[in-house]
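Q: When we follow our numbering, the leftmost residue of the sequence shown carries the number 3, and every step to the right adds one. Below you will find the structure I want to go over with you.
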Amino acid sequence: MKPPIIINSAEPMVKVRVVTLKDYSEQALKTLHSVGVLHVEEAKELKPIDRSAIENQRREVNELSTFVNNMLAYLAEEESVSPERDVDVIYTRPFSEISREVRSIYSRFKELYDKANRADNEIQELTERKNYLGSLGQYRNIKMKDLDFTGDYLFTRVFVLPTEAYKASRSELDSQVFESSAVPLEDETVIYIIAKTGNRSKIESLIIAAGGKAIAIPDGNQTLGDFIAGTEKKINNLENTLAQSYKELRTKASQDVETLVLFKGALAAEKQRLSVLSQACEANYVTLVEGWIPANTMEAMVFHLKDKIDYIFIDSREPDETEEPPVKMKNPPPMKPFQVVVNLFATPKYREWDPTPIVAYSFAVFFGLMIADVVYAAGMILISRFLLPKFLGGAKTGAVALLQRVLYICGGVGITLGLLSGTYLGDIYTFFGIENLGLVTRIQDMLQNPLIFVILALFIGFIHVNIGHVLALIKAVKERNRGAIVAKIGLFSLQFGAIYIIRTVMNVDVAAVLGIIINNMPSIPPQVYDISLYFAIAGIGMIVAGNFMQTGGLGAILWLFDITGILGDIMSYARIAGVGLATYYLASVFNMLGPLFGRLLPFSGMAGVIAGGALSIFILVIGHVVNLLLSVLTGFIHSLRLCFVEFLFKFYEGGGRIYRPFKFIKRPVVLVGAKS
Numbered sequence: 003m004k005p006p007i008i009i010n011s012a013e014p015m016v017k018v019r020v021v022t023l024k025d026y027s028e029q030a031l032k033t034l035h036s037v038g039v040l041h042v043e044e045a046k047e048l049k050p051i052d053r054s055a056i057e058n059q060r061r062e063v064n065e066l067s068t069f070v071n072n073m074l075a076y077l078a079e080e081e082s083v084s085p086e087r088d089v090d091v092i093y094t095r096p097f098s099e100i101s102r103e104v105r106s107i108y109s110r111f112k113e114l115y116d117k118a119n120r121a122d123n124e125i126q127e128l129t130e131r132k133n134y135l136g137s138l139g140q141y142r143n144i145k146m147k148d149l150d151f152t153g154d155y156l157f158t159r160v161f162v163l164p165t166e167a168y169k170a171s172r173s174e175l176d177s178q179v180f181e182s183s184a185v186p187l188e189d190e191t192v193i194y195i196i197a198k199t200g201n202r203s204k205i206e207s208l209i210i211a212a213g214g215k216a217i218a219i220p221d222g223n224q225t226l227g228d229f230i231a232g233t234e235k236k237i238n239n240l241e242n243t244l245a246q247s248y249k250e251l252r253t254k255a256s257q258d259v260e261t262l263v264l265f266k267g268a269l270a271a272e273k274q275r276l277s278v279l280s281q282a283c284e285a286n287y288v289t290l291v292e293g294w295i296p297a298n299t300m301e302a303m304v305f306h307l308k309d310k311i312d313y314i315f316i317d318s319r320e321p322d323e324t325e326e327p328p329v330k331m332k333n334p335p336p337m338k339p340f341q342v343v344v345n346l347f348a349t350p351k352y353r354e355w356d357p358t359p360i361v362a363y364s365f366a367v368f369f370g371l372m373i374a375d376v377v378y379a380a381g382m383i384l385i386s387r388f389l390l391p392k393f394l395g396g397a398k399t400g401a402v403a404l405l406q407r408v409l410y411i412c413g414g415v416g417i418t419l420g421l422l423s424g425t426y427l428g429d430i431y432t433f434f435g436i437e438n439l440g441l442v443t444r445i446q447d448m449l450q451n452p453l454i455f456v457i458l459a460l461f462i463g464f465i466h467v468n469i470g471h472v473l474a475l476i477k478a479v480k481e482r483n484r485g486a487i488v489a490k491i492g493l494f495s496l497q498f499g500a501i502y503i504i505r506t507v508m509n510v511d512v513a514a515v516l517g518i519i520i521n522n523m524p525s526i527p528p529q530v531y532d533i534s535l536y537f538a539i540a541g542i543g544m545i546v547a548g549n550f551m552q553t554g555g556l557g558a559i560l561w562l563f564d565i566t567g568i569l570g571d572i573m574s575y576a577r578i579a580g581v582g583l584a585t586y587y588l589a590s591v592f593n594m595l596g597p598l599f600g601r602l603l604p605f606s607g608m609a610g611v612i613a614g615g616a617l618s619i620f621i622l623v624i625g626h627v628v629n630l631l632l633s634v635l636t637g638f639i640h641s642l643r644l645c646f647v648e649f650l651f652k653f654y655e656g657g658g659r660i661y662r663p664f665k666f667i668k669r670p671v672v673l674v675g676a677k678s
């Protein structure tokens, strides 16, 4: 499965009801506790519909047992089979899996069985027809089409009826036909008649009333003798096919005999278990536990329950549209820590997109750009590792561990950007006579030049905000919200039209501005500016229309907020540059103030050098520690804001329930001592 790029979906859940005898209730709960996958819900009273589910499964068990017995019946010889494995390997699986596998084996077996059955039926039909028509040996040279002919005046037909019935109706038949030939065949009589077409209905009614029937005659110019010879040959071929089919059936049964024996034993145990539970339901002597589990853990839970408890019924189903199962996110390990960031905003609903992937990229990049200093980022990682658990309760809980990993990843981005831009406590390296440590000059210019950094931040904001609007458009299409669709398309049209406004009103060359951060940015043809004006006008019209479609009269006001909102959202990303530049320049200021205050002390000689150096170091340490704490705090807060306010509000609602399984913690972390 491909990893999610932008959004993800929750782990598929199934509703499970566990019914067991009250004597086994404690053992069942302990088993569920140790398995730790069931999100327990309030169980309702066991209703007749639940009891009927047990009865339905009993009927299915009987059907599957019939399938298995039919397959075992085709073994060549009667024998005793003792499988090498225990029945538990089958019995402890989910019943739905047992049913699927038995039906799968039987479907392949049934193909052979149906083939043999078709051949057998055809042999019987051809043999019967050959015997009936073969008795008319005196007509061997007559054509087949003449045995079943209907004309304007005459018709011919071959009938067969019980001999006693023929004798009783013979005189009446003879009075209706021109010519007839009767041949006794064991306790039946075959009659070939030639009669007037007008008497056909009366003759057929007489034959049927006597318990007879007409013989189906194949059409053709071949003679009766040729037909009988061809039929004998066809019967021989079919008999060979039937023998081969029976051989394949026996081979198939022999190949699967051990598996079939295991299924037979498992189904017998299942039938016994369900019988006891069915009787206990009638006496209300059962315990019911229900809840939600991830679909991929169903097999493991059923295995443990059936392995530990003799009499238990497990019913599972997909969630209804009206139900809201708990949410278990399923993001890859690098993105999983950022689930804590999404949950700070709101847990996604079960059928809603999980925005963790795009939030992971966004948050880490925003935070990394704001701190973008090798030493500060490393310091943040150390604080996260050693001090954060103490500040958040003294124990390294799951949430704290996820938050630490978020800060580790953001710190890694900050270190990378710090190395590329050559930022170490601002420009601390200048104390040692080093002019520049940047690995990539262009990145250094972007992160240390205020104008370029602001343009970069706004460009990032433009991309990020529009990803949110694209997701909102997709959501509107899925929900068939026409007003939202029109408004979002209008918003994209307006943004393209904005290049005309920027060029005409602000007198700014858009291509020149983008060229600061995009190498070899081509110039924009003048015609594009003219066309963009029409896009801007059309965009405003669509935004107004879309708001009217959604809110009616309020749309006359709300469309203004859509237009001003897109500008405000993008401009808000300038805070990335603001915090990043503040971090860098404040560090540079402390680098300047330290030596400056050290030289102002009224001491001379060695005492002045020592005192001045100590004061400089003190100012540098205090200043950089304060700057580190401020940059971490502001970077975290502003990254949250950009992800929440400027992005998630566009398409994300949340309001789901976190999946909390009924789980036994084997190694709990507990605070102890008087101060705990």
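Glycine included, C-beta positions come from ideal geometry on N, C-alpha and C.
Hey, out of V160, R444, F69, whose CA is closest to Y194's CA?
A: Per the Cα distances, V160.
Q: Return yes when the Cβ of I316 is within less than 9 angstroms of the Cβ of R19, no when it is not.
A: Yes, these two residues count as a Cβ contact at 9 angstroms.
Q: Three-state secondary structure (DSSP) at W294?
A: If DSSP states are grouped into helix, strand and coil, W294 belongs with the strands.
Q: Using only alpha-carbon positions, find the residue among R482, E181, A459 that is nearest to G580.
A: Answer by Cα proximity: A459.
Q: Decide if the segment 640–654 is in contact with the segment 566–585; the criterion is three or more beta carbon pairs, one per stretch, under 8 angstroms apart.
A: Yes, the segment 640–654 is in contact with the segment 566–585.
Q: For the beta strand (DSSP E) containing Y194, name the first residue and the last one.
A: Unbroken beta strand (DSSP E) run through Y194: 190–198.
Q: In the DSSP assignment, what are the bridge partners of F151?
A: F151 is bridged to T158.
Q: Considering only the alpha carbon of each residue, which of L622, S247, H306 lies closest to D90?
A: For the residues L622, S247, H306, the minimum Cα distance to D90 belongs to H306.
Q: What are the boundary residues of the alpha helix (DSSP H) that P328 is part of?
A: Premise fails: P328 is in no alpha helix (DSSP H) and is neither H nor E.
Q: Output needed for Q2: all residues of its chain with C-beta closer than 8 angstroms, excluding positions within five of it in sequence on either side, in chain order.
A: Here the chain comprises residues numbered 3 to 678, so residue 2 is not present and cannot be evaluated.
Q: Span of the beta strand (DSSP E) holding D447?
A: Counting along the chain, D447 falls outside any beta strand (DSSP E), though it belongs to the alpha helix (DSSP H) covering 443–450.
Q: Applying the 10 Å Cβ sphere with the 16-neighbour rule, what's the burial state of E28?
A: Answer is exposed; the Cβ neighbour count stays below 16.
Q: Please list, in chain order, all residues of the same chain as A121 whose beta carbon is under 7 angstroms from its beta carbon, the five residues on each side excluded.
A: Cβ neighbours of A121 beyond the five flanking positions: L240, T243, L244, S247.
Q: Skipping 5 residues on each side, what residues in its chain have a beta carbon closer than 7 angstroms to that of L66?
A: Once the five neighbours on either side are set aside, the close Cβ partners of L66 are S101, V104, L269.
Q: Measure the CB-CB distance between I454 and I518 and report whether it falls below 9 angstroms.
A: Result yes, Cβ atoms of I454 and I518 sit closer than 9 angstroms.
Q: For V70 and F265, what's the separation of their Cα atoms in angstroms?
A: Spanning the two alpha carbons is a distance of roughly 7 angstroms.
Q: Could you tell me which of K117, Q446, A271, L642 sits nearest to T94, measuring between CA atoms?
A: It is A271 whose Cα lies nearest to the Cα of T94.
Q: From the DSSP output, in three-state form, read off K17 for me.
A: K17: strand per DSSP, three-state reduction.
Q: Can you have a look at A302 and say buried or exposed, based on whether 16 or more other CB atoms are within 10 angstroms of its CB?
A: Exposed, because fewer than 16 other Cβ atoms sit within 10 Å of the Cβ of A302.
Q: Can you confirm whether K236, when its beta carbon is compared against all beta carbons of chain C, has any partner nearer than 9 angstroms?
A: Checking the listed chains, one finds no chain C in this structure; it contains a single protein chain.
Q: Measuring CA to CA, which of G139, T191, P663 is closest to A170?
A: Selected option, being the one with the closest Cα: T191.
Q: Do you know how far the Cα of I445 is from the Cα of V367?
A: Taking the straight line joining both Cα atoms gives about 14 angstroms.
Q: Is it buried or exposed for A211, if we count other Cβ within 10 angstroms and need 16 for buried?
A: Counting Cβ neighbours within 10 Å, A211 comes out exposed, since fewer than 16 surround it.
Q: Can you tell which of V488, I196, D532, K310 has its C-alpha closest to the C-alpha of H35?
A: Ranking V488, I196, D532, K310 by Cα distance to H35 puts K310 first.
Q: Under the three-state reduction of DSSP, which class applies to S461: helix, strand or coil?
A: The sequence shown places Phe at residue 461, rather than the Ser named in the question. Looking at F461 - three-state DSSP - the assignment turns out to be helix.
Q: Buried or exposed: G416, going by 16 or more other Cβ atoms within 10 Å of its Cβ?
A: Classification of G416: buried, given that the 10 Å Cβ count is 16 or more.
Q: Under a three-way DSSP split, which group does Y661 fall into?
A: The answer is coil: DSSP assigns Y661 none of H, G, I, E or B.
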